[in-house]
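**Student:**
2 protein chains.
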Amino acid sequence: MSATIHDVAREADVSIKTVSRVINGGQGVAPVTVRLVREAVAALDYHPNQFARSLRSGASDTIGVIVDSLADPFSATIISVAERRAMAEGLDIFVASTGADATRAASQIARFVRRRVRGLLVMPYGDCVSAVPAGTAAVLIDRRSGFDTFDSVTVANEASTRDGVGHLLAHGHRRVGFLGPAPGFQTVRGRIRGYRRALAAAGMVVDERLIAAAWGAPAAELAAGRLLALDEPPTAIFAATPMAGQGAFAAMRAAGRTDIALLVFGDFPMADLLTPAITVIDQDPAGHAEAAMDRLFARIAGDDSPPLHQVVPTRLIVRGSAEIAPAGRARSRA
Amino acid sequence: MSATIHDVAREADVSIKTVSRVINGGQGVAPVTVRLVREAVAALDYHPNQFARSLRSGASDTIGVIVDSLADPFSATIISVAERRAMAEGLDIFVASTGADATRAASQIARFVRRRVRGLLVMPYGDCVSAVPAGTAAVLIDRRSGFDTFDSVTVANEASTRDGVGHLLAHGHRRVGFLGPAPGFQTVRGRIRGYRRALAAAGMVVDERLIAAAWGAPAAELAAGRLLALDEPPTAIFAATPMAGQGAFAAMRAAGRTDIALLVFGDFPMADLLTPAITVIDQDPAGHAEAAMDRLFARIAGDDSPPLHQVVPTRLIVRGSAEIAPAGRARSRA
DNA sequence: CCGGCCATTGACATCGTTGTCATCGTGGTT
DNA sequence: AACCACGATGACAACGATGTCAATGGCCGG
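Chains as they are written, first to last, in numbering that gives the first Met the number 0: chain E, 0 to 333; chain S, 0 to 333.
1) Which term fits A253 of chain E, buried or exposed, when burial requires 16 or more other beta carbons within 10 angstroms of its beta carbon?
2) So, with DSSP's three-state summary, where would you put R332 of chain E?
3) List the endpoints of the continuous beta strand (DSSP E) containing V154 of chain E.
4) Looking at chain S, is there any beta carbon in it that lies within less than 7 Å of the beta carbon of D60 of chain E?
5) With a threshold of 7 Å between beta-carbons, can T257 of chain S be considered close to chain E, or not?
6) Let me see if you follow: with CB-CB separation under 7 Å, is H5 of chain S close to chain E or not?
7) Counting only the same chain and skipping the five closest in sequence on each side, list residues whose C-beta sits under 8 Å from that of T3 of chain E.
8) Put G27 of chain E into one of helix, strand or coil per three-state DSSP.
9) What does the alpha-carbon distance come out to for the pair R192 of chain E and V138 of chain S?
10) Buried or exposed: L229 of chain S, going by 16 or more other Cβ atoms within 10 Å of its Cβ?
11) Can you pull out the residues from the stretch 242–257 of chain S whose beta carbon lies closer than 9 Å to at least one beta carbon of chain E?
12) Count the C-beta pairs between the stretch 243–260 of chain E and the stretch 261–275 of chain S that are closer than 8 Å, then say yes if the count reaches three, no if not.
13) Which of the three DSSP states, helix, strand or coil, is assigned to A8 of chain E?
14) Would you mind telling me which residues of chain E sit closer than 7 Å to F50 of chain S, beta carbon to beta carbon, in chain order?
15) Is DSSP giving L119 of chain E helix, strand or coil here?
16) At a CB-CB cut-off below 8 Å, which residues of chain E make contact with R113 of chain S?
17) When Cβ atoms are compared, which residues of the stretch 14–38 of chain E fall closer than 9 Å to chain S?
18) Give the straight-line distance between the Cα atoms of G118 of chain S and E38 of chain S, rounded to the nearest whole angstrom.
19) Between S:M203, S:P123, S:L315, which lies nearest to V64 of chain S when the distance is taken from Cα to Cα?
20) From V317 of chain S to V279 of chain S, what distance separates their C-alpha atoms?
21) So is R190 of chain S buried or exposed if we call it buried at 16+ other beta carbons inside 10 Å?
22) Please confirm whether V128 of chain S and F146 of chain S have their CB atoms less than 7 Å apart.
23) Let me make sure I understand the geometry here. Which of E:A321, E:M292, E:A324, E:R115 has the alpha-carbon closest to that of Q309 of chain E?
24) Below 7 Å CB to CB, which residues in the same chain sit around H166 of chain E once its five sequence neighbours on both sides are set aside?
25) Roughly how many whole angstroms lie between the Cα atoms of A51 of chain E and S1 of chain S?
26) Have a look at R332 of chain E and A324 of chain E and give me their C-alpha separation to the nearest angstrom.
27) Quick one: grab the DSSP three-state call for L226 of chain E.
28) So, for D6 of chain E: in the same chain, excluding its five sequence neighbours on each side, which residues have a beta-carbon less than 6 Å away from its beta-carbon?
29) Which residues in chain E sit within 9 Å of F93 of chain S, going by Cβ to Cβ distance?
30) Using only the alpha-carbon positions, how far apart do P413 of chain E and A216 of chain E sit?
31) Assuming A81 of chain E and A288 of chain E form a contact by the criterion Cβ under 8 Å, report the distance between their Cβ atoms to the nearest whole angstrom.
32) Just checking, does the stretch 69–81 of chain E make contact with the stretch 65–80 of chain S on the three C-beta pairs under 8 Å criterion?
33) Under DSSP, the alpha helix (DSSP H) around V187 of chain S begins and ends at which residues?
34) Give a yes or no on whether the minimum CB-CB distance between E157 of chain E and chain S is below 7 Å.
35) Tell me, please, which residues DSSP counts as bridged to D281 of chain S.
36) In three-state DSSP terms, what is A2 of chain E?
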């Protein structure tokens, strides 16, 4: 099929070892020989067999990226950045998704480890991170899942949410709903804490009926609908994820309610084109990925300093939906 | 590091060849021996070294997916489906993006071929497909780029667009703008042809000023703005891609025009939540990917029938934006 | 003129696996 | 009783690369 090092050696009339030397930098080879070998390589369009190399060296020219879902815009952005960065280093990338399944997440990690990837970029689900052997370069992204042994790049979920909910309170809202996935996700737990803290800071009591959990846009829409149907419905909704935000928006639209404020954690395509345009807390996924790849390449290069936990700043993007004042006067709580 | 076949052989007190036989189906091995080996495999958590296997066999347990952009929702859906299908077969997937660069596309393909992927799922750009050696399993998706030698899964761009523009005409529009990427993309050329055919079928002359080319949402917005600023502006816009649709929508919004109809080729997230909700021609990306993976696995399994060119049906999803009637009476053309 | 050093090069083993072929023992056949 | 067929197993080479170590030859210093 394709040319091997033996073919090149024959063509250049040298030994395979000399060819090997030239390919790997050409140290200790006479300039003339180097040129001969280079010409033979070009003439035969020789490319070293990666399998043989990897078998010998125990490493491969790949990195693995593991995310919740390959179809999610946040993950897609991360993969896109990872690919660009990896290509610049001559690495190819494997991708895998975990779904909401810690066992599957762990087995995806294990498979990539067996493939001897140079490094792993992982959006961890559950305790799958324990499947990463110590010594393997890995960076956690978006979530840490309680693991301190690997570098991580996350956002300040609690503080960002506290500030976001504070933003709603500052516009006069006193009944703020919280809509998000079930608190199985570490990020969601942080966001709920932030929500509670914002209310507490304003001297308010949390009404547990205003906290709704639902995964996926259709479920979120139903859950949001139930919030709106409460006796004392919220005048503003904090959506913990874009998916929840989409559900909340759809529910408000379906109920014909244009008077409810909405703030979404995580920017999403089209958010600026909706009516009203959606105010969001931007997580800067590309920034996440860049920072994570920086760390990953550093680890691959041998950096063995203690794990670094980077927190990338969020940014409130004011577009209108969260700046709607509560209808009428604020009601008092029961 | 991890256990090898030698370790298993020692543990089970048999030769490595016997272990190999058991791993690969266990034909011609005494049942007792099979059990012994299986136990040793389990005890040592042995997994065959893929590099050694691939070196020996010249094939790997991977498939490659190559798309324009990893961040695009259409591509992301395809990758997501490909991963699910590949995982079911025990294959891992490499991803790569081409950008709008035929050379890069070709080199991505060449890299994956050198990695001996079992098969390739390619959204081709330019004539990169010629980088696929004959005999390599490959399926083209979304575009054929003029290649008949590989299976393909596409939509009927010309007919779908013709019908879509016909839909606008049926609502009384006589000046319909066409906004899309430059006709470098084969799909775009087909869509322009469909546009022209729809107008011709209605006995209308094509006004070339109504055809605008722009790549990316910001450029599309500018181009759409120019369309709206014409002396005789269009009363409806056909956007050849979601990105163009987004630009057109933004331009209409910016110009305060709620009287212009909009039809977009390709469904996109949030389309149903915009005001008005956007009528689209759905390409069914998941259906594309499923059909393409069916073909790919068939080819991998050895199917060597002539190339199959599948056309997945599109579906007009009526949501409102394309059903806006032209303001006032139709003007006559100059 | 000889010994030794250095630059250059090559022979060979090795990574972990599978294909080829040989070997071994057993039971049935003549 | 000798032979053969066959099921089960193992020794060994090969896949294509790189690390180890030795060999070669020229040049310099003594």
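Note that beta-carbon positions come from the ideal geometry of N, C-alpha and C, so glycine has one too.
Fair warning: this is a prediction, and the values are worked out from it, not measured in the lab.
**Tutor:** Taking the structure as given:
1) By the neighbour-count criterion, in which 16 or more other beta carbons inside 10 Å mark a residue as buried, A253 of chain E falls on the exposed side.
2) Here the model assigns R332 of chain E a pLDDT of 39, short of 50, so the residue's position is not dependable and the matter cannot be decided.
3) Counted as a single uninterrupted DSSP element, the stretch harbouring V154 of chain E is not any beta strand (DSSP E), since DSSP gives it neither H nor E.
4) Closer than 7 Å: no.
5) Any Cβ of chain E closer than 7 Å to the Cβ of T257 of chain S would place that residue at the interface, and such an atom is absent.
6) Output row for H5 of chain S: interface = no.
7) Scanning its chain for C-beta atoms nearer than 8 Å, with the 5 sequence neighbours on each side dropped, one finds around T3 of chain E the residues Y45, N48, in chain order.
8) Judged by DSSP in its simplified three-state form, G27 of chain E adopts coil rather than helix or strand.
9) Their backbone Cα atoms lie some 48 Å apart in a straight line.
10) Under this definition L229 of chain S is an exposed residue.
11) Listed in sequence order: Q245, F248, A249, R252.
12) When Cβ pairs closer than 8 Å are counted between the two stretches, the stretch 243–260 of chain E is seen to touch the stretch 261–275 of chain S, the count reaching three or more.
13) Annotated three-state conformation of A8 of chain E is helix, per DSSP.
14) Under the 7 Å cutoff, chain E gives F50, S53, L54.
15) DSSP places L119 of chain E in the strand class (E or B) of the three-state scheme.
16) In chain order: S1, H46, Q49.
17) Here the close residues number zero.
18) If you draw a straight line from the Cα of G118 of chain S to the Cα of E38 of chain S, it comes to about 34 Å.
19) It is S:P123.
20) Cα-Cα distance, rounded: 7 Å.
21) Here R190 of chain S is buried, its C-beta having at least 16 other C-beta atoms within 10 Å.
22) Result yes, Cβ atoms of V128 of chain S and F146 of chain S sit closer than 7 Å.
23) With distances taken between Cα atoms, Q309 of chain E lies closest to E:M292.
24) Correct list, in chain order: L262, L315, A321.
25) Separation of A51 of chain E and S1 of chain S (C-alpha to C-alpha, rounded to the nearest whole angstrom) is 18 Å.
26) Its pLDDT being 39, under 50, R332 of chain E is placed unreliably in this model, and the coordinates cannot settle the point.
27) In the structure shown, L226 of chain E adopts helical secondary structure according to DSSP, grouped into three states.
28) If we look at D6 of chain E and ignore the five residues flanking it on each side, its Cβ neighbours are L43.
29) Taking a Cβ-Cβ threshold of 9 Å, the residues of chain E close to F93 of chain S are T61, D91, I92, F93, V94, in chain order.
30) The question about residue 413 of chain E has no answer, for chain E in this structure spans 0 to 333.
31) Contact between A81 of chain E and A288 of chain E is confirmed by a C-beta separation of about 6 Å, below the 8 Å threshold.
32) The stretch 69–81 of chain E makes contact with the stretch 65–80 of chain S: 3 or more CB pairs, one atom from each, lie closer than 8 Å.
33) It spans 185–200 - the alpha helix (DSSP H) in which V187 of chain S sits, taken as one unbroken run.
34) The Cβ of E157 of chain E sits no closer than 7 Å to any Cβ of chain S.
35) Looking at the DSSP output, D281 of chain S sits in a beta bridge with S:R314.
36) Coil.
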